Each structure stands twice: as structure tokens, then as C-alpha cells.
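FYI, this note's numbering numbers position 270 of the sequence shown as 271, with every residue one higher than the one before it. No residue lacks a Cβ here, since even glycine has one placed at the ideal position from N, Cα and C. This one's a predicted model, so the numbers in the text were calculated from it and none came from an experiment.
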Amino acid sequence: MSRRQLLALQFDEFGGDFRPEEKIAESIVEESPLWLRISNFFERHLSLLRRLPPGQLILWKLEHWGNSTTFDRLLVSPDTDPRSYTEELLSLGHRVYPYAFTERNRDLLHHDIPQLCDLDFGIVPLAQKAPVEGVSRTTLRNRLNLDSADTLLGAGGMLHPTKGIDEIAVWFLRNVQDPRTHLLCCVIPFEDGVTEDQIRRRWEQTAGVESSHRLHIHIGAYRQWEWMCSFYQAVDVMLVNSVSDSWGRMLSEAVGFGVPTLTRRAECATNDIVPDLVLVNDFANLSYGEFRTLVDDACDRAPRLARYVDNHYAEPVVAEAFLEMLRARTPSELWAEFDRLSRQPRSRRLVREMIAH
């Protein structure tokens, strides 16, 4: 066997690779990673694995979006049955080790896909990114013409019913009459071509226009970390209304920045990753008086919860846990090779990318 070049490589990197699959498989063999990471139930990953020699160490990242959603609970390719996918994957002769972000994820996956119950199933959370230097609390607030006396509420994520951003915007327009309280929604449209004006008109048609001048909308994209740092530092209170998450990045990131956070009660990871959150049964029917009481409670808890996030999800902490999980599942005769590869700068960089997504 040729000397291995990498500790771990993820198939996710090949999502935009339009070469024939046999060419991609050849490049993976040439890279010779000790571990390969695949994700969820994507047919292209399975197709590539069919082309690789058996015996490859496979780290299988699996996500479950919880039981509170009426939409999909697993991330799958169209017309793919997760149980059949799992059965074929385990028949290819590779050494497959699944992992999830939370224990709830694992338990729900065990329930939905019984074949997973017999596998060595790891738990490693997502890592927090370090704040971008030079971004301050006033960076974004100045653009919105807010001063220190104004209160800025924040909400964000995919503009999809499971994330509940529409519900928060409508609640704000109907219930928050304080002229110095604003709401900033950072959204990623679920459909192409959606504009800020279209989103605003939809919310105004539902809840009126009286407070619309205090409602701010930013259409963003994934992985705009510098902008998100501005967002978390600018907001005074974060509102998380998701009922479908395998992790809940906008929750963990906001809490990690010390932002007092209210979270929708739901059977998904947003209720698991930080203990003692302030939970809201229903934003739509939340009175403004009840809201203020919950915010006061969240402000009291915020410093302690920020320390929890830093202690458990800081990048060095998660990187160590990730490497420990990999090494524990690496055959002992390959430990020396594992230790050599884990010290390589490129391998460390790829690990940092994996634990962030």
C-alpha cells in the first residue's frame, strides 16, 4: 500500500465536482486518505463508494431534524429510502462508523433506521467559529441608524415554515409597539429569486404596516461569517423559532456571543445543545408582557450559557473530541499512521472544516 497522504477527506467537497464519478474516485484513491467522511443519504456518495476498493474507513455524518416537523426529518436524495440506502452502504465491504451531533439525533436515527443500532455510533457536536476581528457592536447598528437606547431583536435562518421566521415577523408587527424596539431578520430564501420587498409585503399583508419601518430584512447566504458576527454583536435579544434542526447553528452561535436567547419548545436539537435555555411554547400567541418577562430571565442566564458554549463547543475542544473519535475507531495497527497524519497542517485544516459543518 502506498504511503497515505491525508488523515481524512470529506465527500462533501466533491458536491460541485462535475467530473465523471470514476475520475473522482481515482482522485480519492490518489489522495489516499485514512478516513473518508460522507454525509446523510446522498446517492452520489453511495455511487462513489461503489467505485472504491473495499476496506476503506468511512465516517458517516448523520443528521435528524427532529419529530416536531411535518416536513422531512432526514436529509436524503430524491426517491431515496434511508433504510435501503443503509443496507447497501453496509454491504459494500467498507468499515462504516456513523456519528451525529447530539444524543437525540442518534436516538431518533436508531428509531427510524434500525440497522444503525448495531453500529459503533459516535457523538461529536458542531464547533463554534472564532469571532472575526474588527467587528464591533456598532458595525451593523450604525447601518440601521440605531443608537445605544434602541433595542434590536434578531431572528434568522432559512425562510421556510420549519424555521418560523414568518411567525416571528408577524408577531413583532402585531405586538411590539415600542418605537425604540426593532427586529432584524437575516434570511436565506428557500426559493430562488425572492426579494426583500416581496418578503416585506407578505408580512405587511398579514400583520399591517404600522410598525414595518422598525422591521429590517437582510437576505444572506450560508457561510457569511463576518456578516453574522456583526449580526450577533448588534442584536440585544435572539429569537429562535425553529422546530426542525439537527443542531441549530444560529442558536449556539448567538448564545456563544452572550446574546439573551428565547427558543421555541420543540423536539429537535435546538432544545438539546444548551441546557437551561428560556423556552417559548408559541411565539404567535406570546403577549408583549410575557415576552418582556422571558427576556429578563434570558438576560440573567446569558453569561452562564455563553460560558457553557465556550467550554463545550469551542473549536479546539471539538477538534480534540473529533480526533479522539476517529482514533478510537482506527485499527490499532494504523495508530502510528494516524498520529503522523494528524500532525499535518493540511489534515488539521480539513478537520477544522469538517467540525464546522
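Residue pairing from DSSP places Phe-42 in a beta bridge opposite Val-77. Here Ala-267 carries a coil assignment [DSSP, helix/strand/coil]. Ile-166: not part of any beta strand (DSSP E); member of the alpha helix (DSSP H) spanning 166-176, first to last residue. Judged by DSSP in its simplified three-state form, Val-256 adopts helix. For Tyr-223, the CB contacts under 8 Å within the same chain, skipping 5 residues up- and downstream, are Ile-189 in chain order. Here DSSP, grouped into helix, strand and coil, assigns Trp-336 to helix. About 38 Å separates the Cβ atoms of Leu-153 and Val-77, ruling out a contact at the 8 Å cut-off.
Distances from the CA of Asp-298 to each of Asp-283, Leu-90, Val-260 were compared; the closest alpha carbon is that of Val-260. With contacts defined by Cβ atoms closer than 7 Å, Gln-57 and His-112 do not form a contacting pair. In terms of Cα proximity to Glu-31, the closest of Leu-7, Arg-353, Pro-346, Cys-186 is Leu-7.
Under a 10 Å Cβ-count criterion, Phe-173 is classified as buried, with 16 or more other Cβ atoms of the shown protein chains found around its own Cβ. Going by DSSP, Pro-83 is part of the alpha helix (DSSP H) stretching over 83-91. Taken through DSSP and simplified to helix, strand or coil, Pro-317 comes out as helix. Contiguous beta strand (DSSP E) elements confined to the segment 196-237 occur at 216-220, taking only those with 3 or more residues.
Comparing C-alpha distances from Arg-353 to each of Arg-181, Leu-335, Pro-317, Gly-135 shows the shortest one belongs to Pro-317. When the five nearest sequence neighbours on each side are left out, the beta carbons in the same chain lying within less than 8 Å of the beta carbon of Ser-213 are those of Leu-174, Arg-201, Trp-204, Glu-205, in order along the chain. Of the candidates Asp-167, Ile-218, Val-195, the residue whose Cα lies closest to the Cα of His-183 is Ile-218. Here Lys-62 is buried. Its C-beta has 16 or more other C-beta atoms within 10 Å.
The beta strand (DSSP E) runs of length 3 or more contained entirely in the segment 84-137 are, from start to end of the chain, 96-101. Taking C-beta atoms as the reference points, Val-97 and Ala-322 fail to come closer than 7 Å.
Under the three-state reduction of DSSP output, Pro-346 falls in the helix class. Residue state for Val-244 is assigned as coil, using DSSP reduced to three classes. CA-to-CA, the gap between Arg-107 and Pro-346 works out to about 31 Å. When the Cα atoms are used, Leu-90 and Pro-115 turn out to be separated by approximately 14 Å. Secondary structure at Pro-180: coil, using DSSP grouped into helix, strand and coil. Straight-line spacing of the CA atoms in Pro-34 and Met-355 works out to 14 Å. In chain order, Glu-22, Glu-23, Ala-26 place their CB closer than 7 Å to the CB of Arg-52, counting only its own chain and leaving out the 5 sequence neighbours on each side.
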